[in-house]
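Visitor: So that we are looking at the same thing, I have put the structure below in structure tokens.
Below, the structure written as structure tokens:
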């Protein structure tokens, strides 16, 4: 196949995987809202305490190791593929079994460290999902190495679809039957097991016609395969793991420190549950950055190794500018509608101040995802990994210092401080290895100006709508209507100003996923502007 055909195939696969990744992330953010509505703040606390344990193993193995397997297969001849897959499967299976043993047989100990002994039953159910990680990682990696993204995309969507369906339907049945919130949490953990099992079955169906080479002999040694897989899997999954690791820190510290500060046990659980409302908001806010990471960042790695064609700097600058633009707009917008969003989605306006601070993690996480992925594309993984670890340490120390003073507000501040340390380090390191100016000063001027105008309009409209237009309605319905009108109004103001500024050109919009409509909007804004001048 010629270079043009290879690039076209690569782009087609990247787009398909981007769409699947977008759907998965969207479902992951959205399902938490009806789940919280079903189980309340205490039930949400129960689920969120255990979720990071299972998710960390899942991301590392089924995502990180999948990429590692894909890279190893792509870099070697077909005669070695059987050996690589067998070694990879045994290695990931060993890690998965170790994870299962830790979560299942260490459940009582881990639950005790979190301060809630009843969480052990959730850990034991969730442990079974870890056993599915080896086949998921190997099968996904195999298909990705062949640039056959259809099975991978379908498996990702099926896994998340099954998981979300089991969580919501199962939880509704449990709650309707009058069982405990901990039983509802167990049902939610069971969703991860069934989702993973469905994905494995689907991938095996696709794999049946490809397994003829597994018996081919090879002289490859085992240790180099294991070493390469470990390094690649950790480097590519570390940025995705950081938010989960921050959640894990919160699982071990927030509830315990709140209870030690003197508030009742139930109140501490509910405060942790309210604080965890910030998780789906941040996940939703970083959807753009995640999509860009999946779609544009591979182009940076690919074009940096080729002579001719578009230079990688174009994609690097664009990924940074678009990611920062939408992340900053999302965080600024949420700042002024948070009380109404909080009540609309989660029934009350409690701790809206803490959630406002929490939501600014959208900015840091978006930049972190983009920069770590681009650095990985350039082969720079060690320093970013060290920076991520340092940010995690800052989060731990900040939690211990700030939680006793400010409660969940302190935990929200700690998350921002930890992520800001990582991003600052990444920016300095990026400038050292690739002295690239991401954007001119005018870009930041237009961005902050547009965000300020949007914020002023959203704040004014929200106060007017909440105090006068919808004040006769029920509190939650009024908040919902305020949210439903304020967000589109703010988006219209923001995108109109960004469109007029052309800080991202129409050609650049066309490169990013789902950017055609934004390019069309920008062309319409500027053609209208030219018509008015005439």
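In this note's numbering, the protein residues as written are 35 to 568.
C-beta: ideal position from N, C-alpha, C; glycine also.
1. Go ahead and label residue 174 buried or exposed: buried means 16 or more other beta carbons lie within 10 angstroms of its beta carbon, across all protein chains shown.
2. With distance defined between alpha-carbon atoms, name the residue in 385, 216, 243 nearest to residue 177.
3. Starting from residue 132, follow the alpha helix (DSSP H) in both directions and report where the run begins and ends.
4. Just how far apart, CA to CA, sit residue 219 and residue 97?
5. So what does DSSP say about residue 450, is it helix, strand or coil?
6. Indicate the three-state DSSP secondary structure (helix, strand or coil) for residue 203 in the structure shown.
7. Anyone know if the C-beta pair for residue 388 and residue 446 falls short of 8 Å?
8. May I ask you to verify whether the segment 279 to 291 touches the segment 53 to 66, counting CB pairs closer than 8 Å and requiring at least 3?
9. Going by CA-CA distance only, name the one from 107, 81, 532 that's closest to residue 157.
10. Based on Cα-Cα distance, which residue from 546, 519, 480 lies nearest to residue 528?
11. Quick one: any contact between the segment 504 to 518 and the segment 370 to 387, if contact means 3 or more CB pairs under 8 Å?
12. Can you give me the Cβ contacts of residue 299 inside the same chain, cut-off strictly under 8 Å, excluding the 5 residues immediately before and after it?
13. Which residue comes first and which comes last in the alpha helix (DSSP H) that contains residue 539?
14. Can you give me the Cβ contacts of residue 434 inside the same chain, cut-off strictly under 8 Å, excluding the 5 residues immediately before and after it?
15. Label residue 314 either buried or exposed according to how many other C-beta atoms from any shown protein chain fall within 10 Å of its C-beta, with 16 as the threshold for buried.
16. Using a threshold of 8 Å, state whether the C-beta atoms of residue 167 and residue 126 are closer than that.
17. Output the boundary residues of the alpha helix (DSSP H) element that contains residue 153.
18. Considering only residues of the same chain and omitting the five flanking positions on each side of residue 204, which have a CB-CB separation below 7 Å?
19. Taking the beta carbon of residue 476 as the centre, do at least 16 other beta carbons fall within 10 Å, making it buried, or is it exposed?
20. Please name the residue, chosen from 543, 491, 75, 533, that lies closest to residue 302 on a Cα-to-Cα basis.
21. Hey, how far is the Cα of residue 84 from the Cα of residue 135?
22. Would you call the CB atoms of residue 113 and residue 380 closer than 8 Å?
23. Work out the CA separation of residue 105 and residue 558 for me, nearest whole Å.
24. I need the straight-line Cα distance from residue 183 to residue 509, nearest angstrom please.
25. Could you tell me whether the segment 383 to 403 touches the segment 530 to 538, where touching means 3 or more Cβ pairs closer than 8 Å?
26. Label residue 413 either buried or exposed according to how many other C-beta atoms from any shown protein chain fall within 10 Å of its C-beta, with 16 as the threshold for buried.
27. Output needed for residue 266: all residues of its chain with C-beta closer than 7 Å, excluding positions within five of it in sequence on either side, in chain order.
28. Can you list, in chain order, the stretches of the alpha helix (DSSP H) that have 4 or more residues and sit fully within the segment 255 to 304?
29. Kindly indicate the opening and closing residues of the alpha helix (DSSP H) around residue 381.
30. Could you pull out every residue in the same chain whose Cβ sits closer than 7 Å to the Cβ of residue 370, ignoring the five residues on either side in sequence?
31. Between 419, 88, 540, which has its C-alpha nearest residue 352's C-alpha?
32. For residue 88, collect the residues of the same chain with a Cβ closer than 6 Å to its Cβ; drop the 5 residues on either side in sequence, then sort them by chain order.
33. Given residue 189, which residues of its chain have a CB within under 6 Å of its CB, disregarding the five upstream and five downstream residues?
34. Taking buried to mean at least 16 other C-beta atoms within 10 Å of its own C-beta, is residue 124 buried or exposed?
35. Going residue by residue through the segment 163 to 214, where are the continuous alpha helix (DSSP H) segments of at least 4 residues, counting only ones entirely within it?
36. Counting only the same chain and skipping the five closest in sequence on each side, list residues whose C-beta sits under 7 Å from that of residue 138.
Guide: On the basis of the data shown:
1. As a first step, residue 174 must be located in the chain shown, where it is residue number 140. With 16 or more other Cβ atoms from the protein chains shown falling within 10 Å of its own Cβ, residue 174 counts as buried.
2. Along the chain shown, read from residue 1 onward, the residue named residue 177 stands at position 143. With distances taken between Cα atoms, residue 177 lies closest to 243.
3. Counting from one through the chain shown, the residue named residue 132 turns up at place 98. Following the DSSP letters along the chain, one finds residue 132 inside the alpha helix (DSSP H) bounded by residues 115 to 139.
4. Position 185 of the chain shown holds residue 219. Position 63 of the chain shown holds residue 97. Distance between the alpha carbons of residue 219 and residue 97: 25 Å.
5. Position 416 of the chain shown, counted from the start, is the residue given in the question as residue 450. Helix, per DSSP.
6. Taking the first residue of the chain shown as position 1, residue 203 is located at position 169. Residue 203 falls in the helix class under three-state DSSP.
7. In the chain shown, counting from the first residue as 1, residue 388 sits at position 354. In the chain shown, counting from the first residue as 1, residue 446 sits at position 412. Cβ atoms of residue 388 and residue 446: closer than 8 Å.
8. no
9. As a working mapping, residue 157 is identified with position 123 in the chain shown. Minimum Cα distance to residue 157 is reached at 81.
10. Taking the chain shown and counting its residues from 1, the one referred to as residue 528 is at position 494. Closest by alpha carbon: 480.
11. yes
12. For the purposes of this step, residue 299 is taken as residue 265 along the chain shown, with counting starting at 1. Cβ within range, chain order: 293.
13. The residue labelled residue 539 in the question sits at position 505 within the chain shown. Neither: residue 539 is in no alpha helix (DSSP H) and is coded neither H nor E.
14. Stepping through the chain shown from its first residue, residue 434 is reached at position 400. Only 287, 291 meet the Cβ criterion.
15. In the chain shown, counting from the first residue as 1, residue 314 sits at position 280. With 16 or more other Cβ atoms within 10 Å, it is buried.
16. As a position in the chain shown, residue 167 is number 133, starting the count at 1. As a position in the chain shown, residue 126 is number 92, starting the count at 1. Cβ distance < 8 Å, so residue 167 and residue 126 count as in contact.
17. Along the chain shown, one-based indexing puts residue 153 at 119. Run containing residue 153: none; DSSP gives neither H nor E here.
18. Mapped onto the chain shown, residue 204 falls at position 170. Taken in chain order, the residues that qualify are 221, 224, 225.
19. By 1-based counting over the chain shown, the position of residue 476 is 442. Per the 10 Å Cβ criterion, exposed.
20. Locating residue 302 in the chain shown gives position 268, counting from the first residue. Minimum Cα distance to residue 302 is reached at 75.
21. Position 50 of the chain shown, counted from the start, is the residue given in the question as residue 84. Position 101 of the chain shown, counted from the start, is the residue given in the question as residue 135. Whole-angstrom Cα-Cα distance: 16 Å.
22. For the purposes of this step, residue 113 is taken as residue 79 along the chain shown, with counting starting at 1. For the purposes of this step, residue 380 is taken as residue 346 along the chain shown, with counting starting at 1. No. Outside cutoff.
23. Position 524 of the chain shown, counted from the first residue, corresponds to residue 558. Position 71 of the chain shown, counted from the first residue, corresponds to residue 105. Rounded to whole angstroms, residue 558 to residue 105 spans 43 Å at the Cα level.
24. As a working mapping, residue 183 is identified with position 149 in the chain shown. As a working mapping, residue 509 is identified with position 475 in the chain shown. Cα-Cα distance, rounded: 46 Å.
25. no
26. The residue labelled residue 413 in the question sits at position 379 within the chain shown. Classification of residue 413: exposed, given that the 10 Å Cβ count is below 16.
27. Residue mapping note: residue 266 aligns to position 232 of the chain shown, counting from 1. Excluding positions up to five away in sequence, the list reads 101, 102, 105.
28. Segments of the alpha helix (DSSP H) lying fully in the segment 255 to 304: 256 to 294.
29. As a working note, residue 381 is residue 347 in the chain shown. Segment: none, residue 381 is in no alpha helix (DSSP H) and carries neither H nor E.
30. Counting from one through the chain shown, the residue named residue 370 turns up at place 336. In the same chain as residue 370, and ignoring 5 residues on each side of it, the C-beta atoms closer than 7 Å to its own belong to 489, 492, 493, 496, in chain order.
31. Numbered from 1 along the chain shown, position 318 holds the residue referred to as residue 352. Closest by alpha carbon: 540.
32. Reading the chain shown from its first residue, position 54 is the one you call residue 88. If we look at residue 88 and ignore the five residues flanking it on each side, its Cβ neighbours are 160, 163, 226.
33. Locating residue 189 in the chain shown gives position 155, where the first residue counts as 1. Answer for residue 189: 233, 236, 237, listed in chain order.
34. For this step, residue 124 is matched to residue 90 along the chain shown. So residue 124 counts as exposed.
35. 167 to 179, 183 to 210
36. As a working note, residue 138 is residue 104 in the chain shown. The residues are 158, 161.
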